[in-house]
Amino acid sequence: MGRRSMSRSSNRTSAPAELGYRMPPEWAPHRATWLAFPHHRTDFPGKLSAVAWTFAEMARVLTEGEAVALLVKDRAEEERALRMFEDNHVNMARLELVRADTNRSWTRDSMPLWVTRGRGKNRDKMAVNFRFDGWSRYRDHQKDDAAGKAVASRSVKLGHASAVRAPLLPDGTRAVLEGGSIDVDEFGTLLTTRECLLTSKRARFGRYGKEVCESILKDELGVKKILWLGTGIAGDDTSGHVDDFARFAPGGKVLISKETRKSDPNYEPLVAAHKELLKATNAAGKKLEVIPLPMPQAVVYRGDRLPASYANFYVGNSAVLVPVFNDPNDREALGVIAEAFPDRPTVGIYARDLVVGLGTLHCSSMQEPL
1 MGRRSMSRSS NRTSAPAELG YRMPPEWAPH RATWLAFPHH RTDFPGKLSA VAWTFAEMAR
61 VLTEGEAVAL LVKDRAEEER ALRMFEDNHV NMARLELVRA DTNRSWTRDS MPLWVTRGRG
121 KNRDKMAVNF RFDGWSRYRD HQKDDAAGKA VASRSVKLGH ASAVRAPLLP DGTRAVLEGG
181 SIDVDEFGTL LTTRECLLTS KRARFGRYGK EVCESILKDE LGVKKILWLG TGIAGDDTSG
241 HVDDFARFAP GGKVLISKET RKSDPNYEPL VAAHKELLKA TNAAGKKLEV IPLPMPQAVV
301 YRGDRLPASY ANFYVGNSAV LVPVFNDPND REALGVIAEA FPDRPTVGIY ARDLVVGLGT
361 LHCSSMQEPL
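Written out as structure tokens, the structure is:
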């Protein structure tokens, strides 16, 4: 754990993949889940209080099997969070309060991505800290980016990680990547979209191209094969995050959202993604087992279509947390996800308030592996 911190990607320092690191799948054991207490009122118009209780419910379920590290901006927010979490019977012995101001509460995209190597006493972890730029859309993102840096540095200071890595682009600037734009399996396969990383006007690697993008993903995260899907779902302001519609599950499975209404704007993109996955193989050279996952009926708030999707579930140590919407398809979705993760219970978390902020459970959480 005393290895010198690596703060830059360059020819003078070996990339994580060269050193044997790789990003484990979400269902691998966690040290903690990172949440950020919600306080950005304009993200949740008329819903902020309800959303805070959603976070308390997430923490209650998660602390049954792991620590929850909660970002709070100041003492007043810390005290409010403590009261709410205690009232909701969170296991307070597993709650870590970390002072760091944030612009928003989407830790999936602003926190580091951790990569690991070795096992048991020889297990080692590195925090890979990509730049967060507000999804190349919002100007108020600096606090979130700073929080990610602070969490990465803290992990080294506390001995949870041996190093921090800040990936660089060919021009020497920090590479931009959000955790919600990718998903990984246990074989070294990474799933993402062309819209988010390559083709849209806000594409994170649009100026640099597919070859540079794939090289950075493989070098920094230790993945061996990248599967490219097309576009994201309606209402998603991130320009195509894959975690809203396609997710890996253990044993070579992938869950893909299925829209049955041909008039819905999600119908054609999801059909196309399904077809691409049926033709794909993972990094182990095996065909994927493609499992359809229903979509809820369209969720609209104040005239805006929201990115409601069951695929935005989060896999904790002791449960899979699934967003539910008081929708007829809730029951089927819970069953599909339960079959994909038979080793832990599946728990529905009401997310109709949370999705007003244009994300749900997976967007709100980031796993830190053991």
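Note that my numbering has the sequence shown beginning at 1, numbered continuously upward.
Every residue gets a Cβ at the ideal spot worked out from N, C-alpha and C, and that includes glycine.
In this structure, the alpha-carbon of residue 281 lies about 28 Å from that of residue 365. Counting only the Cα atoms, residue 42 lies some 21 Å from residue 325.
Out of 213, 331, 303 and 287, the CA that lies nearest to the CA of residue 310 is found in 331. Under the three-state reduction of DSSP output, residue 113 falls in the strand class. At the C-beta level, residue 356 and residue 306 come within 8 Å of one another. A straight line joining the alpha-carbon of residue 162 with that of residue 274 spans about 39 Å. Annotation for residue 270: the continuous alpha helix (DSSP H) segment containing it runs 267-279. DSSP places residue 368 within a strand segment (E or B) once states are collapsed to three.
Sequence-distant partners of residue 118 (beyond 5 residues in either direction) whose C-beta falls short of 8 Å from its own C-beta, in its chain, are 20 and 124.
Judged by pairs of C-beta atoms under 8 Å, the stretch 127-146 touches the stretch 100-115, as three or more such pairs exist. The secondary-structure analysis by DSSP pairs residue 125 across a beta bridge with 116. When 308, 287, 350 and 272 are compared, the shortest CA-CA separation from residue 294 is found for 308.
Under the three-state reduction of DSSP, residue 94 is assigned to helix. Boundaries of the alpha helix (DSSP H) around residue 54: 48-62. Residue 172 has its alpha-carbon roughly 34 Å from the corresponding atom of residue 361. Residue burial is scored here from C-beta neighbours: residue 138 has fewer than 16 other C-beta atoms within 10 angstroms and is therefore classed as exposed.
Between residue 164 and residue 146, the alpha-carbon positions lie close to 14 Å from each other.
Remark: C-beta atoms of residue 193 and residue 229 approach each other more closely than 8 Å. For residue 147, the enclosing alpha helix (DSSP H) begins and ends at 142-157. Sixteen is the threshold: since fewer than 16 other Cβ atoms of the shown chains lie within 10 Å of the Cβ of residue 87, the residue is exposed. In this structure, DSSP gives residue 216 a helical state, which the three-state scheme calls helix. Beyond the five residues adjoining it in sequence on each side, residue 336 comes within less than 6 Å, by CB distance, of 293 in the same chain, given in chain order. Rounded to the nearest whole angstrom, the CA to CA distance from residue 344 to residue 319 is 5 Å. Note on geometry: alpha-carbon atoms of residue 252 and residue 75 lie some 45 Å from one another. With respect to residue 352, residue 299 sits close: the two C-beta atoms are nearer than 8 Å. Counted as a single uninterrupted DSSP element, the alpha helix (DSSP H) harbouring residue 85 occupies residues 75-87. Look at residue 337 here: in three-state DSSP terms it is helix.
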